[in-house]
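Student: Just passing along the structure, written as structure tokens.
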Amino acid sequence: MKIILKETIDTLGIAGAECDVAPGYGRNYLLPQGKAIIATPQNRKVMEQAKAKLELQIAKERKIAEEMADRIKNVICIIKAKVHEEDNLYGSVTTHDIKSSLSSQDITLERRSILLAEPIKAIGEYKVPIRLYKDVEPEITVKVVAEEKEKK
């Protein structure tokens with residue numbers, strides 16, 4: 000099924016791009032959500048006219064993403080966690096924990112934009128990429144430290 004994207008979708012392309020998708024994905028998700036329209040000659044003409052507006056919007060989104068990247072590239076995210084004697088964590092540090100820590104520093108991100116390959120299971124310092132835009136991926140430093148044990 001041929002569609003024209005009305006907004007940028009990471010897995011498909013930028014707004015205004017013509018894509019070929021599975022019919023079910025197009026009919027059941029993209030079209031009802033208003034994220035795409037069916038690629039007909041009439042819709043192609045409409046999208047050509049709107050292309051200049053879309054390019055301005057894309058440039059604006061990219062600029063915002065680059066400004067955000069400059070703001071967060073030197074951020075150090077400190078997460079306290081309970082540990083065993085061997086400095087292994089009882090649980091693991093996930094994207095949810097990183098998002099919560101960033102929220103406390105007044106940085107708001109979607110959880111899916113934090114590109115953590117696998118949960119962190121040991122104390123240490125880790126570089127974690129953040130996808131703000133298609134090709135804007137700054138790295139933040141995540142420091143996992145041992146939580147202070149309460150004395151009884």
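Note that numbering that gives the first Met the number 0 gives residue 75 to position 76 of the sequence shown, counting from 1, and the numbers run on in steps of one.
Cβ coordinates follow ideal geometry from the N, Cα and C atoms, glycine included.
These figures come from a predicted structure and were not determined experimentally.
Quick check on asparagine 87: does DSSP put it in helix, strand or coil?
Tutor: Asparagine 87: strand per DSSP, three-state reduction.
Student: Would DSSP call glycine 23 helix, strand or coil?
Tutor: The answer is helix: DSSP assigns glycine 23 an H, G or I state.
Student: In whole angstroms, what is the alpha-carbon distance linking leucine 4 and glutamate 17?
Tutor: Using only the alpha carbons, I get a separation of about 6 angstroms.
Student: Going straight from the alpha carbon of glutamate 146 to that of histidine 83, what length do you get?
Tutor: If I take the Cα positions, the gap works out to 11 angstroms.
Student: Note down, in chain order, each residue of its chain lying with its Cβ closer than 7 angstroms to the Cβ of lysine 126, except the 5 sequence neighbours on either side.
Tutor: Closer than 7 angstroms at the Cβ level, and outside the excluded window around lysine 126, lie Glu138 and Thr140.
Student: Between the segment 110-118 and the segment 63-73, do three or more beta carbon pairs fall short of 8 angstroms?
Tutor: Segments in contact, no.
Student: Along the alpha helix (DSSP H) that carries alanine 51, what are the first and last residues, could you check?
Tutor: It spans 40-71 - the alpha helix (DSSP H) in which alanine 51 sits, taken as one unbroken run.
Student: Within 10 angstroms of the Cβ of valine 92, are there 16 or more other Cβ atoms? Answer buried if so, exposed if not.
Tutor: So valine 92 counts as buried.
Student: Here's the rule: buried if 16 or more other CB atoms are within 10 angstroms of the residue's CB, otherwise exposed. What is leucine 29?
Tutor: Classification for leucine 29: buried.
Student: To which residues does DSSP link glutamate 17 through a beta bridge?
Tutor: Note: glutamate 17 sits in a beta bridge opposite Ile3.
Student: Please classify leucine 114 as buried or exposed, where buried requires at least 16 neighbouring CB atoms within 10 angstroms.
Tutor: Classification of leucine 114: exposed, given that the 10 Å Cβ count is below 16.
Student: If you count every other CB in all the chains shown that lies within 10 Å of the CB of glycine 12, and 16 or more means buried, which is it?
Tutor: It is exposed - the Cβ of glycine 12 has fewer than 16 other Cβ atoms within 10 Å.
Student: Take lysine 79 and list the residues in its own chain whose beta-carbon comes closer than 7 angstroms to its own, dropping the five residues that flank it on each side.
Tutor: So the qualifying residues of the chain are Val144 and Glu146.
Student: What are the boundary residues of the alpha helix (DSSP H) that includes threonine 140?
Tutor: Not the alpha helix (DSSP H): threonine 140 falls in the beta strand (DSSP E), residues 138-145.
Student: Could you check where the beta strand (DSSP E) with isoleucine 78 kicks off and where it finishes?
Tutor: Segment 75-80, the beta strand (DSSP E) holding isoleucine 78.
Student: Start and end of the beta strand (DSSP E) containing isoleucine 119?
Tutor: Here the beta strand (DSSP E) through isoleucine 119 covers 119-121.
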